[in-house]
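Scroll down for the structure; my scribbles are underneath it.
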Amino acid sequence: MKTNEQLLSALVAALEWIDAVPSDTVLPAMPGFDRDEVNELIANARKELQSKAS
164 MKTNEQLLSA LVAALEWIDA VPSDTVLPAM PGFDRDEVNE LIANARKELQ
214 SKAS
C-alpha cells in the first residue's frame, strides 16, 4: 500500500507543479499526457486507499 500512496502523492505533486507554472510560459509538449486520465487515476487511488483504511 505504501507504493500506491507514493504514486498518488507523485501524481498530485506533478499536477500542482503544472498548475503553478504561469500560463504564458512555453513548455515542451507532453505527448500522451491526458490530464483527465490523471485526474481519474487520482480519484480511483484515493477511493481505493480510503476503502482499505476502513
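So for the sequence shown, the working numbering puts the first residue at 164; every next one is plus one.
Each residue gets a CB set at the ideal place from its N, CA and C atoms; glycine is no exception.
Inset, instruction - Taking V175 as part of the alpha helix (DSSP H), name the residues at either end of that continuous run. - result: K165 to A183
Inset, instruction - Report the three-state DSSP secondary structure of S217 (helix, strand or coil). - result: coil
Inset, instruction - Taking the CB atoms as reference points, tell me whether I205 and L174 lie closer together than 7 Å. - result: yes
Inset, instruction - Out of K215, A177 and N207, point me to the one whose CA is closest to M193's CA. - result: A177
Inset, instruction - Pull up the CB-CB distance for N167 and E200, whole angstroms please, since I reckon it's below 8 Å. - result: With a Cβ gap of about 17 Å, N167 and E200 do not count as contacting.
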